[in-house]
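One structure below.
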Amino acid sequence: MSEAEQTETGNEYPHRYNALMAQKLEGKWQDYWEREETFHAPNPGEEGFDPARPKKFIMDMFPYPSGVGLHVGHPLGYIATDIYARYQRMQGCNVLHPMGYDAFGLPAEQYAIQTGQ
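Here the sequence shown is numbered in this note's numbering, starting from 58 and rising by one per residue.
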């Protein structure tokens, strides 16, 4: 393997996944998604909006304000509705999937009092 290949991949095995490779792959696909408007959902009044398409309103519960920071349970409740909303959008529906947050519950307040934050 050439020295240039080693420098580009960051290790001597170019087929192994590393941070540099991840950054390149992520950038490539983000550019593609933006260029192709893969995740664009037209709003009323925008070109491409069709009011005759079926409408879906998918509600989600905001993450519980535990007061000690984020944990695996916070995104866990959102994953299923996110998948369903994206699927419905791919099926041609006009989807509204709002997300609300509440960071002012009693556990959060108590944590702030205890830590001075």
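Every residue gets a Cβ at the ideal spot worked out from N, C-alpha and C, and that includes glycine.
Three-state class that DSSP yields for residue i in the structure shown
i    : result
L153 : strand
E94  : coil
Residues of its chain near residue i, where Cβ-Cβ distance is below 6 Å and the 5 sequence neighbours each way are ignored
i    : result
P111 : C150
A76  : none
C-beta neighbour in chain D for residue i, strict 8 Å
i    : result
D139 : The structure shown contains no chain D, having only a single protein chain.
Sequence-distant residues of the same chain with beta carbon closer than 8 Å to residue i, five excluded per side
i    : result
Q174 : Y168
Y89  : T95
Presumed contact (8 Å Cβ cut-off) between residue i and residue j, rounded CB distance
i    : j    : result
D107 : H154 : Rounded, the Cβ-Cβ distance is 18 Å, inconsistent with contact.
F119 : M78  : With 8 Å as the limit, F119 and M78 do not qualify as a contact, their Cβ atoms being about 35 Å apart.
I'd like to know if the region 103-119 and the region 138-148 are in contact, where contact means that at least 3 CB-CB pairs between them fall below 8 Å.
yes
Restricting to runs no shorter than 3 residues, where is the beta strand (DSSP E) found entirely within the region 100-142?
112-114
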